[in-house]
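In my numbering, the protein residues as written are 67 to 564.
Right under this line is the structure:
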């Protein structure tokens with residue numbers, strides 16, 4: 067019998083109302099209140115598996131959507147997302163009262179919830195449904211993230227045998243997709259909520275170490291923050307905010323594993339974020355910090371000039387402070403900060419408050435949907451899943467072309483992967499490569515920040531099949547196989563003509 071089981075927070079209308087007023091300017095709550103009343107009536111006396119009133123869950127979902135400052139109709143859909151599935155009210159009832167747009171979002175969430183497989187089949191089916199939902203309307207995925215986050219936060223009330231499976235699903239599907247949507251805050255919260263149940267031993271060890279390390283540095287960090295504020299004020303730079311940021315627990319544990327459990331090698335364990343008004347101020351702040359604290363060599367990263375593929379922008383610098391030791395600063399505008407925390411959800415917020423209607427998807431999401439449609443046959447999808455990994459689920463590196471363009475690749479990628487990421491013909495014609503102006507073997511593993519030059523021979527039209535032994539990306543592997551098959555077919559055709 068388990069003891070010390072936490073009680074679920076009983077989210078209320080007042081919590082949602084307070085969150086909306088904190089994040090929106092002069093909001094009209096009529097639609098949200100109408101959705102709340104509708105959900106309250108529909109769910110009636112229903113209870114969750116935690117024992118709490120069922121209405122607590124849609125309210126918690128709506129609160130998280132409000133924290134992302136999504137349009138109020140998305141919050142309304144969040145309140146209604148379980149109504150057609152779990153109550154006597156139908157989707158037609160929702161459409162009649164709230165219109166087709168909200169009903170379509172609710173229907174999209176309902177579709178995502180219906181997974182009829184187990185094991186790897188369940189994993190594959192979940193992925194396919196997420197890709198389709200994102201391609202059709204990414205707002206559905208925002209609601210699903212908020213729904214899944216609250217469920218992950220209440221895993222303690224699930225049967226023990228179900229916890230690990232649900233937690234793994236969060237870590238393997240939902241968190242990586244949140245990351246690729248640029249939703250750093252959602253990714254971190256999903257991972258931390260699931261970590262405890264996916265790997266209980268590692269969770270306990272990581273939490274104790276992180277809490278202890280942060281506690282030891284808290285006082286010194288506060289002094290460094292005050293000193294940074296003083297420096298900016300003296301330079302005439304008005305910062306919107308200067309704040310400390312503790313690393314998410316799961317992210318800390320993964321980095322700790324890469325550094326062989328040496329916590330002293332993790333420089334961004336606690337970072338200081340400086341939020342300013344415009345890009346010019348970002349670079350001015352960088353100059354002020356470097357004039358006072360010496361920067362560590364190789365630790366200055368300009369993600370403003372070269373954003374990450376998921377849209378992330380910031381200036382990062384790591385400095386040495388005699389009081390606090392090694393400290394990472396992250397410098398960004400308010401808009402960059404919102405995009406870093408909420409990703410494409412912030413894009414919806416900014417566009418919804420302007421003249422331009424936001425796109426319901428992103429180009430790479432369309433590509434993912436195309437991939438899944440090509441692999442519509444379930445068995446074919448399963449056979450390729452382990453090989454493909456859809457590259458988005460791996461740690462990423464960012465490699466530069468000689469022209470300064472950034473190519474996003476999974477960790478462990480080689481110059482051949484890089485070449486095929488640029489163009490199929492460049493990959494097929496590759497004969498040599500330079501990394502940072504040094505000639506290297508074609509199977510060299512690239513690192514973030516490398517500049518890669520591909521040397522081609524125009525007379526070469528087919529790749530070397532031996533490249534399949536070391537390429538990392540599914541794109542490169544598929545192109546090599548396709549070109550090799552084409553070469554074999556051409557040879558056979560020529561032989562038949564003789």
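Glycine is no exception: its CB is placed at the ideal position from the N, C-alpha and C atoms.
7 angstroms Cβ shell around residue i - same chain, five flanking residues per side excluded
i           : result
residue 524 : 495
residue 221 : 229, 232, 233, 263
residue 400 : 306, 341
residue 106 : 121
residue 169 : 157, 160, 161
residue 114 : 120, 122, 123
residue 482 : 493, 496, 508, 533, 537, 542
residue 219 : 259
residue 419 : Residue placement at residue 419 is poorly supported in this model, since its pLDDT is 49, which falls under 50; the coordinates still yield a value, given next. Result list for residue 419: empty, nothing under 7 angstroms.
residue 359 : 385, 386, 387
residue 163 : 104
Beta strand (DSSP E) segment containing residue i, residue limits
i           : result
residue 518 : 518-522
residue 475 : 472-476
residue 384 : 381-387
residue 310 : 307-312
residue 340 : 336-342
residue 501 : 496-501
Rounded separation between residue i and residue j - CA only
i           : j           : result
residue 546 : residue 511 : 18 angstroms
residue 246 : residue 374 : 10 angstroms
residue 178 : residue 210 : 8 angstroms
residue 327 : residue 317 : 13 angstroms
residue 265 : residue 152 : 31 angstroms
residue 83  : residue 214 : 21 angstroms
residue 142 : residue 240 : 22 angstroms
residue 118 : residue 244 : 28 angstroms
residue 321 : residue 331 : 9 angstroms
residue 174 : residue 396 : 37 angstroms
residue 394 : residue 301 : 20 angstroms
residue 205 : residue 171 : 7 angstroms
residue 134 : residue 89  : 8 angstroms
residue 491 : residue 504 : 23 angstroms
residue 521 : residue 477 : 22 angstroms
residue 473 : residue 364 : 20 angstroms
residue 489 : residue 502 : 20 angstroms
residue 540 : residue 550 : 15 angstroms
residue 433 : residue 487 : Confidence in residue 433 is poor, its pLDDT being 48 and thus under 50, which makes the residue's placement unreliable; the coordinate value appears in the next sentence. For residue 433 and residue 487, the distance between alpha carbons rounds to 14 angstroms.
residue 132 : residue 311 : 22 angstroms
residue 276 : residue 323 : 13 angstroms
residue 292 : residue 356 : 16 angstroms
residue 471 : residue 217 : 40 angstroms
residue 126 : residue 85  : 11 angstroms
Beta-carbon spacing of residue i, residue j below 8 angstroms
i           : j           : result
residue 480 : residue 536 : yes
residue 314 : residue 257 : yes
residue 116 : residue 166 : no
residue 369 : residue 248 : no
residue 309 : residue 339 : yes
residue 361 : residue 389 : no
residue 79  : residue 129 : no
residue 468 : residue 517 : yes
residue 303 : residue 350 : yes
residue 335 : residue 381 : no
residue 95  : residue 139 : no
residue 298 : residue 208 : no
Residue i: first and last residue of the uninterrupted alpha helix (DSSP H) it sits in
i           : result
residue 504 : Taken as a continuous stretch (DSSP letters only), residue 504 belongs to no alpha helix (DSSP H), being part of the beta strand (DSSP E) at 504-506.
residue 173 : 166-179
residue 400 : 400-408
residue 85  : 79-89
residue 348 : 345-358
residue 223 : It is not in any alpha helix (DSSP H) - residue 223 carries neither H nor E in the DSSP assignment.
residue 253 : 250-264
residue 101 : 96-109
residue 245 : 241-246
residue 322 : 315-324
residue 363 : Taken as a continuous stretch (DSSP letters only), residue 363 belongs to no alpha helix (DSSP H), as it is neither H nor E.
residue 138 : 138-146
Other residues of its chain near residue i: CB distance less than 6 angstroms, five sequence neighbours each side excluded
i           : result
residue 444 : Residue confidence for residue 444 is low, a pLDDT of 45 falling below 50, so the modelled location carries little weight; the figure read from the coordinates is stated next. Taken in chain order, the list of residues that qualify is empty.
residue 366 : 383
residue 145 : 101, 102, 105, 124, 128
Neighbourhood of residue i by C-beta distance below 8 angstroms, restricted to the same chain and skipping five residues each side
i           : result
residue 176 : 147, 150, 151, 157
residue 344 : 399
residue 87  : 93
residue 290 : 338, 387, 389, 390, 393
residue 548 : none
residue 506 : 481, 499, 500
Would the region 401-413 count as touching the region 240-255 if we require 3 or more Cβ pairs under 8 angstroms? yes
For the 8 angstroms Cβ check, are there 3 or more pairs between the region 283-298 and the region 390-397? yes
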